[in-house]
Amino acid sequence: MNHQGENDARKAYEVGQELKDRVSRNLRNIENHSSYYGDKKIEFLGLMDNLWKHVEFYPLKLDKTITDPLEAMVETLKTTEIPPEEENLKNFFQDFEKVYTFLSTDKSYEDNLNPFMFCLSDALVGYLSILERYKLIDTSSLQHFLNNQDHWVLIFHYIFGKFPSPVGIPSLYLNYDFESGLKESALTEEIHGLLKLLDEDNWLKMEQIYLVIQLQLNTPPAHPALGFGSKIEKDWNKFKSIFFRPSDIYHIGSTFEEMFNYHTEAKIEELATYIRKHNFIQNRADVLSHLKLLHSMTLFLIKYQMKHSTTEIISSLKQKPFYQQMRVLDKSIKVLSDVLKVAYYKYGEMLQIEGNDIALSHLLSENYLTGMSNIKKESHYEQNAGEYASTTYEKDHGYVIFPRL
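Encoded structure:
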């Protein structure tokens, strides 16, 4: 076998191993609990069989005229009953929805829904990332699939399964920015290629839902002695209503635009005024959590506004009395986030050096969305519009939204 043949054989072996470790194992874990479904077991296994048809293209059936394994794998992909082309990726997503619907509509499975869904999403996103990494599907087809309709929800299920506990100071402050955190995290390295294919609108959708989950799980401080009482709770609930409706936001098919039928500039000003008005100097975990959530809400609205508004509306923000104070707050939160990341990483290194397996195991049991630590990097309020908004927007308007002093 020549050098090229050896490389191809190695790649084919790697693909097979990844399929086994990241796809087959997760699907079998779900099937192994089919006894939960009682008289619906046959129906459930039938739905799972449909998923298997999409991902089970090994062991390879080698054609006698084909000599290298990778070529055989590609040929198998082309000739299989359901090849991974764009139209069939849509069928793939529909079969995923059928399994999701089956699991979510019967209350008897409620206790196991999240573990099963995370296991399922790990398998399906693992499959897509293998296709992307080894170029087993046209990149433009995969990109169009991920950004079409609500197919991005596959990625979100995977992300939430990887980082399921966005509660408390570590989770909130280690994650300064949702998108960059995911793109830089070592824990999401296997899907970095897929993340690069998502467009800006779908990043906003994922960030919005992740923020909604944080808002639902983190309650504001309610300590009258510290100045936090019913007024703050009322304002807090009003701000929360900006980000989600009473209806089920997680339902596949919800659209981002339906949730933003308001004037975002006014909401940004309300949030900023609220932050400036209240005294957040108390060193309390609940107060710090509240402040970080308000900061995240404000920055998200600015991102959305930069995506959908005119230059006049954006530039007007710089004239607001809260602008400089929000810049200072943003910079402070970024510095704190970076310092915490350094401490988090160094603590892990120290535990490894000391051989403290118990403490290290406890540390590793909590997955935090962190990204990279870069204290010298500018905060959101100091970045150019091109770094904060789309490249097209920068070319069209060419100005800085948050200039340095």
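Residues in the sequence shown are numbered consecutively from 0, following numbering that gives the first Met the number 0.
Each residue gets a CB set at the ideal place from its N, CA and C atoms; glycine is no exception.
These numbers come from a predicted model, not from an experiment.
Item, Value
"Taking the beta carbon of residue 25 as the centre, do at least 16 other beta carbons fall within 10 Å, making it buried, or is it exposed?", "buried"
"Is residue 158 helix, strand or coil by DSSP?", "helix"
"Quick check: the segment 171-178 against the segment 129-139, are at least 3 beta-carbon pairs closer than 8 angstroms?", "no"
"Do the CB positions of residue 173 and residue 369 come within less than 8 angstroms of each other?", "yes"
"Of all the alpha helix (DSSP H) runs that stay within the bounds of the segment 120-189, which reach a length of 4 or more residues?", "138-146, 152-161, 167-173, 177-183"
"Taking all protein chains shown into account, do 16 or more other C-beta atoms lie within 10 angstroms of the C-beta of residue 349, making it buried, or fewer, making it exposed?", "exposed"
"Residues in its own chain within less than 8 angstroms of residue 121 by CB, not counting five upstream and five downstream?", "21, 25, 157, 160"
"Counting pairs of beta carbons, one from the segment 137-152 and one from the segment 326-335, are three or more of them closer than 8 angstroms?", "no"
"For the segment 139-151 against the segment 188-206, do three or more pairs of beta-carbon atoms, one drawn from each stretch, fall closer than 8 angstroms, so that the two count as touching?", "yes"
"Using 8 angstroms as the limit for Cβ to Cβ distance, is residue 103 near chain D?", "The displayed structure is made up of one protein chain only, and chain D is not part of it."
"Within its chain, find whatever has a CB closer than 8 angstroms to the CB of residue 270; leave out the 5 residues flanking it on each side and keep chain order.", "238, 293, 296, 297, 300"
"Between residue 356 and residue 19, what straight-line distance do the alpha-carbon atoms span, to the nearest angstrom?", "29 angstroms"
"Suppose contacts are defined by Cβ-Cβ distances below 8 angstroms. Is residue 212 in contact with residue 287 by that definition?", "no"
"Here's a check: name, in chain order, each residue in its chain whose Cβ is nearer than 6 angstroms to the Cβ of residue 339, leaving out the five neighbours to either side.", "172, 173"
"Please determine, among 53, 37, 215, 198, the residue with the shortest C-alpha to C-alpha distance to residue 125.", "53"
"How far does the alpha helix (DSSP H) with residue 192 in it reach, from first residue to last?", "191-194"
"Using a 10 Å radius around the Cβ and a threshold of 16 neighbouring Cβ atoms, would you call residue 23 buried or exposed?", "buried"
"Taking all protein chains shown into account, do 16 or more other C-beta atoms lie within 10 angstroms of the C-beta of residue 60, making it buried, or fewer, making it exposed?", "Only weak support is given to the placement of residue 60: the predicted model assigns it a pLDDT of 38, under 50, and the value that follows is read from those uncertain coordinates. Residue 60 comes out exposed."
"Can you list, in chain order, the residues of its chain with a C-beta nearer than 8 angstroms to that of residue 362? Leave out the 5 residues immediately preceding and following it.", "346, 347, 350"
"Could you give the distance in angstroms between the alpha-carbon of residue 199 and the alpha-carbon of residue 184?", "19 angstroms"
"At the level of alpha carbons, what is the spacing between residue 344 and residue 209?", "24 angstroms"
"Could you tell me if residue 352 is buried or exposed, where buried requires 16 or more neighbouring beta carbons within 10 angstroms of its beta carbon?", "exposed"
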